[in-house]
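Before any comments, here is the structure.
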Amino acid sequence: MSSIDDETLAYVADRAAGDARAGIALLRSAVERAVAGDCDQITRAIVEDVEEEARAEMRTHRVRELDTDKRLLYEIIQEAGDVDAGTLHARYEDRSQDPVARSTRRKYLGRLVEYELIAVEGSGRGKRYLQPEVED
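For the sequence shown, counting from 1, position 15 maps to 221 in this note's numbering; every step adds exactly one.
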């Protein structure tokens, strides 16, 4: 069984930035790496080594869990890479069999930003949606 010291645990909490699921995913990946390497201690170095992989797994899980409308919005942004709000809404309306209201779409887009699956720049008519930059 592997253990973790308070300093490493604080580092995990800092990297998770208040997202409990991200913290759990990071800890899970670190434990798996420690067990696979027959390590008794989960170190900061192990956490740093697995962080990118853990974040990628979280993104994959979040995408898998998206409902139809959120997934369609996400896919349009991924395909475009960078798309203005008007074009995004037009493409969504073209592709959706039963489009939800614009206000609902804006709420869904806010959720995708919260999940760190997309990024947003600007506001109002100048708002653009894009793929987020992945942390180092």
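Don't be surprised by glycine CBs; every beta carbon is placed ideally from N, CA and C.
Remember, it's a predicted structure, so these values are computed and weren't measured experimentally.
query, result
"Report the rounded CA-to-CA distance for R334 versus T274, giving the unit in angstroms.", "21 Å"
"As a quick exercise: from G332, I324, S209 and R277, pick the residue whose alpha carbon is nearest that of P305.", "R277"
"Do L279 and L318 have their CB atoms nearer than 8 Å?", "yes"
"What are the complete beta strand (DSSP E) segments, minimum 3 residues, inside the stretch 279 to 328?", "288 to 290 and 325 to 327"
"Run the CB neighbour count on S309, radius 10 Å, all protein chains shown included, and call it buried at 16 or more, exposed below.", "exposed"
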